[in-house]
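Colleague: Okay, here's the structure, questions in a sec.
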Amino acid sequence: MSQEPKLLFEETLTCPVCKKNTLHARDYLYEVPIAGMLILSNWVCENCGYRFRDVKPYETNKPKLIKYKVENKDDLKTIVYRSPFGKIIIPELELEIEPASASQGYITTVEGILEIVLDQIESYCDDNCMNMINNAMDGKISFTLMIEDESGLSFIKSDKAKIEELVIKYSH
Ligand SMILES: [Zn+2]
274 MSQEPKLLFE
284 ETLTCPVCKK
294 NTLHARDYLY
304 EVPIAGMLIL
314 SNWVCENCGY
324 RFRDVKPYET
334 NKPKLIKYKV
344 ENKDDLKTIV
354 YRSPFGKIII
364 PELELEIEPA
374 SASQGYITTV
384 EGILEIVLDQ
394 IESYCDDNCM
404 NMINNAMDGK
414 ISFTLMIEDE
424 SGLSFIKSDK
434 AKIEELVIKY
444 SH
């Protein structure tokens, strides 16, 4: 007995390879005997043919904190998906980027995240702060990329990424 997968999520995102807004992302929920509920991601760029496929247990979609230690240039190429609810934190650079209310999710690389961060904070970043980010982008310093996500949809595509249950703190 097979069940039809249910469409869970559908968005058009910016492709991490060709940078065009032609990456069609679709996530399906389906039930498999023994394995239970799974999410199947099938993302395809119509422009350059880039594909992202992934299967993960449905239970992972709860509030979480992802931590990824970036130690070299290869780590900068790791694929990252930041959902519209993902907050980016880089403690070593004292950076926190809140999710914008109307923001879309996007798939990019760790380097792409740094470019987005730079773009957002450029106006109030001093020389020291610019140097730190530029060094991070060149792989000269190691840092921790953290994504805090209440929706649990964000991910960092690496075995090195650590996932913790998110405890939501309220600050005033
Ligand atoms: Zn593409």
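Quick note on this note's numbering: the sequence shown kicks off at 274 and runs consecutively. The beta-carbon is built from N, C-alpha and C at its ideal position, and this holds for glycine as well.
1. Counting by C-beta, which residues lie closer than 5 Å to a heavy atom of ligand 1, in chain order?
2. Mapping the DSSP letters down to three states, classify N334 as helix, strand or coil.
3. G425 to P336, Cα distance in whole Å?
4. Beta carbon of E423, beta carbon of F358: below 8 Å?
5. What is the DSSP secondary structure of G385, counted as helix, strand or coil?
6. Helix, strand or coil: which one does DSSP assign to K350?
Modeller: The short version:
1. Checking every Cβ against the heavy atoms of ligand 1 under 5 Å gives C288, V290, C291, C318, N320, C321, Y323.
2. Within the sequence shown, the letter at position 61 stands for residue 334. In the structure shown, N334 sits in coil (DSSP, three-state: anything other than H, G, I, E or B).
3. By one-based count along the sequence shown, residue 425 stands at place 152. By one-based count along the sequence shown, residue 336 stands at place 63. C-alpha separation (whole angstroms): 5 Å.
4. Indexing the sequence shown from 1 puts residue 423 at position 150. Indexing the sequence shown from 1 puts residue 358 at position 85. Going by C-beta atoms, E423 is nearer than 8 Å to F358.
5. For this step, residue 385 is matched to residue 112 along the sequence shown. Correct three-state label for G385: helix.
6. Residue mapping note: residue 350 aligns to position 77 of the sequence shown, counting from 1. In this structure, K350 counts as helix in the three-state DSSP scheme.
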